[in-house]
Amino acid sequence: AARAGAPQLIVPQIGDQPYWARRTAQLGIGAAHDGPVPTTESLSAALDVAQAPETCPRAAAVAGNIRADGAEVAARLLIELLSQSSR
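The working numbering runs 5 ahead of the 1-based position in the sequence shown.
See below:
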């Protein structure tokens, strides 16, 4: 969703989802549900944030900064770093 420039509403459950929910909120590209169990009221409030007029342009701007080849670039940098440290 971030790469597509779509505002998000994240209800984190496990693993890295809480991190990405917080990061989404910090970047202003959506909302992170706060609390253990979603309610009509909490989801409605989060949707208000995700649909705010400033969220959509911000999501589009962030999408422009996300590289499609990010994993490849990271792998190349890691290989370069490892080859330098083994010299």
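Glycine included, each C-beta is placed from N, C-alpha and C at the ideal position. None of these values were measured; they are calculated from a predicted model.
ask   = Of the residues Ile71, Ala50, Ser49 and Glu46, which one's Cα is nearest the Cα of leucine 32?
value = In the sequence shown, counting from the first residue as 1, residue 32 sits at position 27. The shortest C-alpha separation from leucine 32 is found at Ile71.
message = Among the candidates Gly35, Ala50 and Val54, whose CA atom is the shortest distance from the CA of arginine 8?
response = Stepping through the sequence shown from its first residue, residue 8 is reached at position 3. Closest by alpha carbon: Gly35.
message = Applying the 10 Å Cβ sphere with the 16-neighbour rule, what's the burial state of proline 23?
response = Start at 1 with the first residue of the sequence shown, and residue 23 comes out as number 18. It is exposed - the Cβ of proline 23 has fewer than 16 other Cβ atoms within 10 Å.
The stretch 55 to 75 contacting the stretch 12 to 29, beta-carbon criterion three pairs below 8 Å = yes
query = Which two residues bound the contiguous beta strand (DSSP E) that contains isoleucine 15?
reply = Here the question's residue 15 lines up with position 10 in the sequence shown. Where isoleucine 15 is concerned, the enclosing beta strand (DSSP E) stretches over 13 to 15.
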